[in-house]
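Here's the structure we're looking at; comments come further down.
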Amino acid sequence: LIFSLFLLGGSFLTQNVTAREVDSDPTIQNVMGRETVSLDGQWGVIIDPYETGYYDYRYQPSENGYFKDQKVQKPSDLIEYNFDTGPTLNVPGDWNTQDDQLFLYEGTVWYKRTFNYLPNENERQFIYFGAANYEAHVYLNGELVGHHIGGFTPFNTEVTDHLNDGQNTLIVKVDNQRKREAVPTVNTDWWNYGGITRSVSLITVPDTFIEDYFIQLDPESSNTVKGWVQMNGSNRANQTLTIKIPEANIEKQFRTDEMGIAEVEFTADLEKWSTRNPKLYDVILEIPEETIEDQIGFRTIRQKDGEILLNGEPIFLRGICIHESRPFGGGRANNSADAEVLLGWVKEMNGNYVRLAHYPHNEHMVRMADKMGILVWSEVPVYWTIQFENPEVYANAERQMREMVDRDHNRASVILWSLANETPRSEARFTFLSNLAEAVRELDSTRLVTAALETQSRGEGVIGIHDPMEEVVDVIGVNSYCGWYGNMPPEQCSDLRWESDSNKPVILSEFGGGALQGYHGDENERWTEEFQDAVYESNLEMIDNISFVRGTSPWLLKDFRSPRRPLPRFQDFWNRKGVISDEGLKKKAFFTIQDWYEKKKQEWE
Ligand code: GCB
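Read in order, the letters of the sequence shown correspond to residues 4 to 608 in the working numbering.
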């Protein structure tokens, strides 16, 4: 019964514009540009390793779980929990770095906060979560109002009919237990940070509102703006929609169809967004009941004859991988200041590009990349050995992909949607990833599709890619750890020869090695900054000799927490492949990449 109460969120709707169902919970576009009340701050929590607040002693979902927030009425009452006298956790934030006893915790934590609200006539309210890892059940005033699976994408649930005049109690069960059939699966090389890791807000919209829009340049014609706007609400059909770009003297009107969708197309002479000139325009969307504003850049991205073309010009992507980890210390990054520091380092390194590994990062990152002129590879956590044969796993991955595309499809910085990372070749995996590629192209035909593949040896001193996915993607990503994994000493990497059977552009999506910042010695000694630097010197020389490489994103900007890295003294549960330490201090290799990128910049710009 309890499952039939779920409002499943926009996440389960098909995004195919024509078929789109709009009266269920939509995922709302541009939350940062809307009228919202922040629900961030300290929330009361209950740590519930046995899910006692959810299941009764017969292991049946309980009707009187912690979500009821019951209170003692008379001294003899037995209620074995109390949110109001227990610990608190900050939202947004992972729980692992907020409380020592949660450092390695995997399981359920219940969150509670109250807020006051006076609902108005003709207004609708949604509760919006930037992300909660991994599974969230959302209860408002004791009732289940939402449910979401997936730790890195936003979801919202309409609560218009569930709000009280005055005080309201919001309770969220967050569970980060790893599962074999989850996406990602049980085995990853990063910390399973649990909690409400991104901001929460209450969004107020008019009865009929602009739910979503997709406004981008047509990749085939650099002065045509194309897309659609999706209305939601009782007056969604035959509405007049106005789009204004005041700085470019644009004011165009469109009409919605029966489903509340307006197809948009107009020509405009717009200054292009680029890495050297990240021009953003104020774009205003108006319907009779609502006006919203966004900052949008206009550019085209294509691949042709082995080149990546930004606004028609070949470009070399000078990048680096980033985990969503705070710039100073551990824990999840989740705000604009974090994004500014992380992307500031990329700029300092002479970079123009980042690979956001291995899951969609918070929206501040892509918004900041838009402002700073940094191109972005964005990825779903289809990582290593997820269950490719399992149709539910596919549905989950496709949904996470859709939520990622939905949120960021107006960001000029995002040029690549990545399907997967280092997945083992098999027929089931090929079908899975091909279907995912088809799904993402249907959602967004303006960007390129990629995946991080692996290399194969092609005989003595020769390596190649050789993966059927080369046919499917637009840009081939490939990870290769010469000089770190395997037997080859770093200095020999520069002699390796690479071959490709494809004429598609290749990005070296990972390479590198680890070092403990401040640990110095001989370049043959592991964990020294000198060893890491030697790995880079030799790999960069190798890459200089690969004719088809059009981008690099070494692994990675900053040390990050990983349970797979226990070695005392050198790792202590940190993956040390950062060129910046966990505390934000640069290692030697940072400057080696910086110099190489300076050279690439001279060659390509
Ligand atoms: C990889 C993975 C990345 C790991 C990295 C490593 O190939 O894609 O997630 O963290 O290697 O450090 O081994």
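For glycine and all other residues, C-beta sits at the position ideal for the given N, C-alpha and C.
DSSP lists Ala455 and Ile510 as the beta-bridge partner residues of Gly480.
For Gln306, the enclosing beta strand (DSSP E) has its first and last residue at Ile304 to Lys307.
For Asp547, the Cβ stays outside the 7 Å cut-off from all heavy atoms of ligand 1. No heavy atom of ligand 1 is found nearer than 7 Å to the CB of His364. A distance below 6 Å between beta-carbons, with the five flanking residues on each side excluded, links Glu292 to the following residues of its chain, in chain order: Pro209 and Thr211. Taking 7 Å as the cut-off, the C-beta of Asp562 does not count as close to any heavy atom of ligand 1. With a cutoff of 7 Å, Lys580 counts as near ligand 1, since its C-beta is closer than that to a heavy atom of the ligand. Taking 8 Å as the cut-off, the Cβ atoms of Leu220 and Val228 count as close. Secondary structure of Asp297 (DSSP, three-state): strand.
Pairing Ala592 with Tyr539 gives a Cβ-Cβ distance under 8 Å. Relative to the non-hydrogen atoms of ligand 1, the Cβ of Trp558 comes within a distance shorter than 7 Å of at least one. Look at the beta carbons and you see the stretch 168-179 touching the stretch 117-127: at least three pairs across the two are nearer than 8 Å. Not one heavy atom of ligand 1 sits closer than 7 Å to the Cβ of Asp585. Counted as a single uninterrupted DSSP element, the beta strand (DSSP E) harbouring Ser421 occupies residues Val417 to Asn424.
If you check the C-beta of Glu513 against ligand 1, you find a heavy atom less than 7 Å away. In this structure, the C-beta of Asn482 approaches ligand 1 to less than 7 Å from one of its heavy atoms. Taking the C-beta atoms as reference points, Ile174 is found nearer than 8 Å to Tyr142. Going by beta carbons, Ile325 and Leu359 fall inside the 8 Å limit. Every beta strand (DSSP E) stretch that sits fully inside the stretch 377-422 and reaches 3 residues is listed by chain position as 378-382. Closer than 7 Å to some heavy atom of ligand 1: that describes the Cβ of Glu425.
Look at Asp575: its beta carbon is at least 7 Å from all of the heavy atoms in ligand 1. With a beta-carbon spacing of about 17 Å, Leu273 and Lys374 fall beyond the 8 Å limit used to define contacts.
In the three-state reduction of the DSSP assignment, Asp28 falls in the coil class. Contact annotation: Val34 and Ile206 have beta-carbon atoms nearer than 8 Å. In this chain, Asp102 is not harboured by any beta strand (DSSP E), its DSSP state being neither H nor E. For Thr434, the enclosing alpha helix (DSSP H) stretches over residues Glu430 to Leu446. When distances are taken from the beta-carbon of His469 to the heavy atoms of ligand 1, even the shortest one reaches 7 Å or more. With a beta-carbon spacing of about 6 Å, Val148 and His165 fall inside the 8 Å limit used to define contacts.
Secondary structure of Gly133 (DSSP, three-state): coil. For the 8 Å CB-CB criterion, Leu288 and Ile246 form a contact.
Between the alpha carbons of Ile466 and Ser503 lies a gap of roughly 9 Å.
Taking Arg321 as reference, the option from Asp297, Glu351 and Lys307 with the minimal CA-CA separation is Glu351. With a cutoff of 8 Å on beta-carbon distance, Ser584 and Gln520 are scored as near each other.
A distance below 6 Å between beta-carbons, with the five flanking residues on each side excluded, links Val582 to the following residues of its chain, in chain order: Lys590, Ala592 and Phe593.
In this structure, ligand 1 has no non-hydrogen atom nearer than 7 Å to the beta-carbon of Asp102. A distance criterion of 7 Å places the beta-carbon of Asp192 in contact range of ligand 1, judged by its closest non-hydrogen atom.
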